[in-house]
Structure formats: structure tokens, C-alpha cells
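Novice: For what it's worth, this note's numbering labels the leading residue of the sequence shown as 14, then goes sequentially.
Using N, Cα and C, we set each Cβ at its ideal position, and we do this for glycine too.
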Amino acid sequence: MSLVAISEMLQQQRQFFSTGTTKGIAFRVTQLKTLNRAIEEQKQVILQGLKADLHKPEFEAYSTEIFVKREINQALKNLRSWTKPKKAGITIEQFPATAHLYPEPLGVVLIISAWNYPFQLMISPLIGALAAGNCAILKPSEIAPHTSVVLAEIIAKYFPPNYIAVIEGGVDTTQQLLAQKFDHIFFTGGTAVGKIVMTAAAQHLTPVTLELGGKTPCIIDANVDIEHTARRIAWGKFLNAGQTC
Numbered sequence: 014m015s016l017v018a019i020s021e022m023l024q025q026q027r028q029f030f031s032t033g034t035t036k037g038i039a040f041r042v043t044q045l046k047t048l049n050r051a052i053e054e055q056k057q058v059i060l061q062g063l064k065a066d067l068h069k070p071e072f073e074a075y076s077t078e079i080f081v082k083r084e085i086n087q088a089l090k091n092l093r094s095w096t097k098p099k100k101a102g103i104t105i106e107q108f109p110a111t112a113h114l115y116p117e118p119l120g121v122v123l124i125i126s127a128w129n130y131p132f133q134l135m136i137s138p139l140i141g142a143l144a145a146g147n148c149a150i151l152k153p154s155e156i157a158p159h160t161s162v163v164l165a166e167i168i169a170k171y172f173p174p175n176y177i178a179v180i181e182g183g184v185d186t187t188q189q190l191l192a193q194k195f196d197h198i199f200f201t202g203g204t205a206v207g208k209i210v211m212t213a214a215a216q217h218l219t220p221v222t223l224e225l226g227g228k229t230p231c232i233i234d235a236n237v238d239i240e241h242t243a244r245r246i247a248w249g250k251f252l253n254a255g256q257t258c
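Here it is as C-alpha cells:
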């Protein structure tokens, strides 16, 4: 997608956000339920994409990817309490005034996900973005191309592009996206690219959430049940072929 097309899509989402439609609790609930229905109706297609990209067994795909639906249920359960104004403390100089915090959506959010859990790592932050009343542009990992196509098709089928849109592509596309001014960026991936994302966001003072990878060493004490411990380590290290940050 060209830089002009990306800019136009971002502008369309800003215009839609400015109408205030996404702020309504009823609207947020409806969209979360739509996302839940989309995953349920398209789960076989999702499983096929994960199989094609990662050779992921169906049971593991369910437990590590499809079960992200549980986060939707949590959001639906807590949405009204999350959005309620909360009383804030004041100093003695401000007496007898009162202060409250009103949770407000940020606007248009960019979500960039990694390849190791290509569906779950995209949908999980999307759930939070929608629950908070934002619009979203999604950039799946090009290293999991089949899942990327599945995500693009599902989002296009169930949501209008001025609310949620998927932009596919490689490094050049990501750079074009990062050149735009978003209201929040959520990135999952390696530390090196995380620094690039943070640097790009700083040009616009855009707040960023980074979920970065790392090593997971395991220290075993001498006083352990070695057989029981070995089972747990094997499960943790072999889950998702060891590709878990």
C-alpha cells in the first residue's frame, strides 16, 4: 500500500472517530461481540492459516491463539466499570473542590504484531483498543503470510475500514506506517525493532506500548523433584516450538 493510501485510510479513521460513535458503551459492546462472533465463525480458516505458516497443531492453536476470545469475555464483563469516572484526590489548597478522572479513548491506534503467535498477538491488543473506544489499524507480521491474509479477510468482512483496517506488507510498509501520526502504538516483537518504533513515535510524541522478546533461562535448585521439574521445563520450552517470549 502506498504512503498516500495509508495516509487516506488514517484520515478516514480520524474522521470516523471525531463523530464520537466509538465512545458509546453500547457501540463498544456491539463491536466486541462482533469480533467474538467473527473468531467463532472463522476459526477453521484461522486454524488453516496457522497450520500453513507454523505447522501448528490444532489443539495448540486453540489453546494459544483461538482462546484469545476469553479476553473479549473479560472486556465485556468489566467494560462498564472500566469506563466509570473515578474520584481523584485533591490538595488542601483546592478545598472544597472535587476532582474526577474520566477515561477517554485516544483515537486511532496502530497495532504491529509478531509472527510467533500471529493471531493472538494481533487480536489481544485489538480487544483492548476497541474496549477503550478507539479505531485501529493493524499490521500483521509478513513472516506469517497466510495468517496475515486471514486476518485481513476477517476484519474486512466484519468491520468497516474507517473503524478497523488491516494493512499487509513488509518492512517498507511498517516504515510508512510509523511515519504517520497515531494516537497510540502497540508493538510486539524484538528489542531492535522496538527501538525503531520508539524512535519513530517520539517524532510525534505518540505514546507506545512495547511487548518485547527475550530469553527465558530456567534455574533448577538442587532440592527439587527432578522428574516433576523436567516435565514442566519440557512443556514450557517446547510449547509453540520454543518460540515464546
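1. With a cut-off of 8 Å on the beta carbons, I'd call F132 and L63 a contact; round off their distance for me.
2. Rounded to the nearest angstrom, how far is the Cβ of L190 from that of T204, given a contact under 8 Å?
3. As a quick exercise: from H113, N129, I233, pick the residue whose alpha carbon is nearest that of K97.
4. How would you call R41, buried or exposed, if buried means at least 16 neighbouring beta carbons within 10 angstroms?
5. In this structure, what does DSSP give as the bridge partners for C258?
6. Under a Cβ-count criterion, where at least 16 other Cβ atoms within 10 Å of its own Cβ denotes burial, should A34 be classed as buried or exposed?
7. Have a look at T242 and Q256 and give me their C-alpha separation to the nearest angstrom.
8. Would the beta-carbon of Q44 fall within 8 Å of that of C148?
9. DSSP on A192, reduced to helix/strand/coil?
10. Mark L23 as exposed unless 16 or more other C-beta atoms lie within 10 angstroms of its C-beta, in which case mark it buried.
11. Might you give, ordered along the chain, the residues of its own chain that have their beta carbon closer than 6 Å to the beta carbon of K100, omitting 5 neighbours on each side?
Specialist: So, from the data block:
1. 7 Å
2. With a Cβ gap of about 19 Å, L190 and T204 do not count as contacting.
3. H113
4. buried
5. Answer by DSSP bridge pairing: none, since C258 is not bridged.
6. Checking the sequence shown, residue 34 turns out to be Thr, not Ala. Exposed, since its Cβ has fewer than 16 Cβ neighbours within 10 Å.
7. 20 Å
8. no
9. coil
10. buried
11. H113
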